[in-house]
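Novice: Protein sequences appear in the order of chains A and B.
Position 67 of the first sequence, counted from 1, bears residue number 991 in our numbering, the numbering being contiguous throughout.
Position 131 of the second sequence, counted from 1, bears residue number 167 in our numbering, the numbering being contiguous throughout.
All residues carry an ideal CB built from backbone N, CA and C; glycine is no exception.
A quick note: this is a predicted structure, and the numbers were derived from the prediction, not measured.
A single structure is presented below for examination.
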Amino acid sequence: MERPVPVAQPPAKVLANMYRVRLGKLFSNISILGLFLGLCTVLSFMVTATVLVMSFAILIVSFGTILLAVPDYLSKMTKSVEVTLTVTNYLFQAMPVIAPLTICASALAIVLLALDKNTKHTGRIILASVVIAASIILFIVFLGAAKS
Amino acid sequence: MNTLHINLTGLRSNFRPYLVIDGKNIPYKRNATGSYDAVYTTDKDSANILVYKYLEIRGKLWWLMSLLFFFVSVFGIFDSRYDKKCIVAHLEYNVRLQGENHMQLAFYPPHDKLRAADAAGDFPAFEEKQNIFYIDKIAKKRQRIMLAVKLLIWVALIATGILVMLTSFGVL
């Protein structure tokens, strides 16, 4: 066997392709975080609603006797709803910024990964497309909710 | 006009070498059987086939690009990992072509100092110049340097965070 010849520096085109792929993966990862935050916002809405419904359900089911057992039940209930509402409000206000950023990051990820001729990134491209679709839906829903 | 059909088997997601024939990067496509096919057409009666596995860290401005990606990816949180093993492949063949020619390159799993692939084909003449996997020591050294630099940045970042917290709480 011959002595290994050290591989020269990657040609500029190959290097540019490598950087494109790295940047594409980076944007793909960022878009996943954006979608996660969007889903957290939806989830926080649901948690707030659940806390409120459960609190009232306990009040109704116990025929108000819960107020005798826990005199400050109503204030405790209000406090717990306030906490979840603070988180929901914070995420809700951030959504008009997060959703467009997520859409942009996903679009960039698709373009950059699709340009790679050497390796197909089908999984990541499909994921980024799903993220775009979900982000658009979330953006429309939150925009509609904010206007109403 | 001579045509060279190359079939590459044994490639993995973390091992996709570049196929360069007569200085041109030839893309290859996955077929139904899971292997990869490439086609090269030339007027010449011979071809020089090179199969390289390049490492990103072997680039010219490796330190700058590495740091740039580190900061853009929010201190490496969103960055994809670099190849840790730094094993590169180097294969080179000179083949004589005549009409339609077929070549099969069956790659072995990457291991340092071992044969990279078995080649077979229906050429009139065939010469194997290089066929080996080896650890790129320069790339490995550069990776260690970058790891140390990134760790130092993280330590500095955490220390700054603690200082800011202590100052804001009035401890300092």
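Find the nearest neighbour of Leu1039/A within the set Met1019/A, Arg944/A, Met1001/A, judged by alpha-carbon distance.
Specialist: Within the first sequence, numbered from 1, the residue matching residue 1039/A stands at position 115. Looking at the Cα atoms, Arg944/A is the closest of the given residues.
Novice: Provide the residue span of the alpha helix (DSSP H) that contains Met1001/A, from first to last.
Specialist: Taking the first residue of the first sequence as position 1, residue 1001/A is located at position 77. Unbroken alpha helix (DSSP H) run through Met1001/A: 997-1038.
Novice: For Val200/B and chain D, any beta-carbon pair shorter than 8 Å?
Specialist: The structure shown contains no chain D; the protein chains it does contain are A and B.
Novice: What span of residues does the alpha helix (DSSP H) with Phe106/B cover, start to end?
Specialist: On the second sequence, residue 106/B is found 70 positions in, with the first residue counted as 1. 98-108 is the extent of the alpha helix (DSSP H) around Phe106/B.
Novice: Establish whether the CB of Thr1043/A and some CB of chain B are separated by less than 8 Å.
Specialist: Taking the first sequence and counting its residues from 1, one reaches residue 1043/A at position 119. Yes - at least one Cβ of chain B is within 8 Å of the one on Thr1043/A.
Novice: Check the Cβ of Ser204/B against every Cβ in chain A and list those closer than 7 Å, keeping chain order.
Specialist: Taking the first residue of the second sequence as 1, we reach residue 204/B at position 168. Residues of chain A passing the Cβ test: none, with the nearest at roughly 20 Å.
Novice: How would you label Met925/A, buried or exposed, when you count the other beta carbons within 10 angstroms and need 16 or more for buried?
Specialist: Residue mapping note: residue 925/A aligns to position 1 of the first sequence, counting from 1. Any reading at Met925/A must be qualified, since the residue scores a pLDDT of 46, below 50, and its modelled position is unreliable; no value is offered.
Novice: In whole angstroms, what is the alpha-carbon distance linking Leu103/B and Leu127/B?
Specialist: Walking along the second sequence from the start, residue 103/B turns up at place 67. Walking along the second sequence from the start, residue 127/B turns up at place 91. Straight-line Cα distance between these residues: approximately 31 Å.
Novice: Just the chain B side, please: which residues come within less than 8 Å of Arg946/A by C-beta, in chain order?
Specialist: Taking the first sequence and counting its residues from 1, the one referred to as residue 946/A is at position 22. Within 8 Å Cβ-Cβ: Glu92, Phe105, Asp115, Ser116.
Novice: Might you give, ordered along the chain, the residues of its own chain that have their beta carbon closer than 6 Å to the beta carbon of Ile85/B, omitting 5 neighbours on each side?
Specialist: As a working note, residue 85/B is residue 49 in the second sequence. Closer than 6 Å at the Cβ level, and outside the excluded window around Ile85/B, lie Ile57, Tyr129.
Novice: Say whether chain A places a C-beta atom closer than 8 Å to the C-beta of Gly197/B.
Specialist: Locating residue 197/B in the second sequence gives position 161, counting from the first residue. So, not an interface residue.
Novice: Report the three-state DSSP secondary structure of Gly135/B (helix, strand or coil).
Specialist: Counting from 1 along the second sequence, the entry for residue 135/B is found at position 99. It is coil, neither helix nor strand.
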